[in-house]
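Asker:
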Amino acid sequence: MLQKIDLIGNLTKDAEVKKRNDGSEYILFTVAANETSGDAKRTTYYDVSLGKSGVLDYLKKGQQVFVSGRLSLSVYVKEDKGYLNAKVKAKDLILCSSPRG
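Okay, structure coming up:
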């Protein structure tokens, strides 16, 4: 089974380089995507991982991006409250604007 997602949003903070157990590196960042319906506004946060590439210097807080990739969802409970964790393994990334942060 595969879940694919395309989203446009802004980075909530500068991207970071992380290491997997095997020593390989990847880029990790969070994208906030806003959705508006009438007067209601909802923001969904996605943790995005991207294979190491030459874009790290451009992934700064406020940068608007288009991300396309594989979506995975998980639920966890903390202090009797349920949370949904949305993760995206990016296949494609496009920088859409200059950082606003």
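Under my numbering, the first residue of the sequence shown carries the number 37, and numbering increases by one thereafter. Cβ atoms here follow ideal geometry from the backbone N, Cα and C, with glycine treated the same way. Remember, predicted model here, so these are calculated numbers, not experimental data.
Less than 8 Å between the beta carbons of D50 and K96, yes or no?
Answerer: Result yes, Cβ atoms of D50 and K96 sit closer than 8 Å.
Asker: Do you know how far the Cα of K117 is from the Cα of S108?
Answerer: When rounded, the distance between both Cα atoms is 20 Å.
Asker: Whole beta strand (DSSP E) runs in the stretch 79-117 with 3 or more residues, listed along the chain?
Answerer: As far as the stretch 79-117 is concerned, its whole beta strand (DSSP E) runs of at least 3 residues are 100-114.
Asker: Over what stretch of residues does the beta strand (DSSP E) that includes T72 continue unbroken?
Answerer: Per DSSP, T72 belongs to the beta strand (DSSP E) from E61 to S73.
Asker: Using alpha carbons as the reference points, say which of V84, V113 and D75 lies closest to R106.
Answerer: Checked all of V84, V113 and D75; the closest Cα to R106 is V84.
Asker: Output the boundary residues of the beta strand (DSSP E) element that contains N46.
Answerer: That run of the beta strand (DSSP E) goes K40 to L47.
Asker: Could you check how far apart the C-beta atoms of V103 and L131 are, in whole angstroms? I think they sit under 8 Å.
Answerer: Not really, about 11 Å apart at Cβ, beyond 8 Å.
Asker: What residue from T72, V91, A122 and N46 has the CA that sits closest to V53's CA?
Answerer: It is V91.
Asker: Does DSSP put N138 in a helix, in a strand, or in coil?
Answerer: The structure shown does not extend to residue 138, since the chain spans only 37 to 137, so no value can be given for it.
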